[in-house]
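Read in order, the letters of the sequence shown correspond to residues 21 to 182 in our numbering. Think of the CB as a built atom: it goes at the ideal place given N, C-alpha and C, for glycine as much as any other residue. The structure presented is a predicted model; accordingly, all values stated were derived computationally and were not measured. Remarks on the structure that follows.
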Amino acid sequence: MDNPYFNKKTLTSCIIISMLLIGMIYSSHYLVQPISAKKSSSYDKGSSTSSSASASTSNTSSIALNALELKNETYRWQNTSEAINPTLHLIANTDYVIKIKNPTDTKHELIITSNGTETKSNELKPGKNGKLNFNANSTGTFEYHCEYHPDTMKGIIEISSQ
Numbered sequence: 021m022d023n024p025y026f027n028k029k030t031l032t033s034c035i036i037i038s039m040l041l042i043g044m045i046y047s048s049h050y051l052v053q054p055i056s057a058k059k060s061s062s063y064d065k066g067s068s069t070s071s072s073a074s075a076s077t078s079n080t081s082s083i084a085l086n087a088l089e090l091k092n093e094t095y096r097w098q099n100t101s102e103a104i105n106p107t108l109h110l111i112a113n114t115d116y117v118i119k120i121k122n123p124t125d126t127k128h129e130l131i132i133t134s135n136g137t138e139t140k141s142n143e144l145k146p147g148k149n150g151k152l153n154f155n156a157n158s159t160g161t162f163e164y165h166c167e168y169h170p171d172t173m174k175g176i177i178e179i180s181s182q
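In structure tokens, the structure reads:
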């Protein structure tokens, strides 16, 4: 019995649309999304890792980055919004505490390259947390990456005056 409202052409169209929607939902988790830092009055002193850069408690903002393992030991940075290798939008003349979590089974180390110098976290062993204090003292576009996975765990930092 043929149904005039439901035929093979309609079924094929529904399947294609469903596949496209599922693909869009799946891929949206892996698109690069910008992130802005949250302002706080102090930073967490309980983390196990810090850099040698100093952070002011009066004008400090915090950012969270987690190490993320995808397939075949491919690693990325991920923020709390689940953006992969997010662009970090910072304000000049502000101190930042980047809180880092490493739930993976390998070590990581966050490095920010700024004006020819590097600011590094300590090595984060598997399952450990840490932090990196960073002063955004000049405007411009900079890079961040992992010491051990520089090709896959990397992103951009944009520092503006406002």
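With contacts defined by Cβ atoms closer than 7 Å, Glu-167 and Thr-124 do not form a contacting pair. Counting of Cβ neighbours within 10 angstroms places Asn-157 among the exposed residues, the total staying below 16. Counting only residues of its own chain and dropping the five nearest sequence neighbours on each side, Leu-152 has a CB closer than 6 Å to the CB of Ser-71, Ile-118, Leu-130 and Ser-141.
Nearest to Glu-102 by alpha-carbon distance, out of Phe-162, Asn-86 and Leu-108, is Asn-86. For the pair Thr-114 and Ser-81, the CB atoms are nearer than the 7 Å cut-off. The DSSP-derived three-state label of Gly-175 is strand. Looking at the backbone, the Cα of Ser-181 and that of Thr-126 are separated by about 37 Å.
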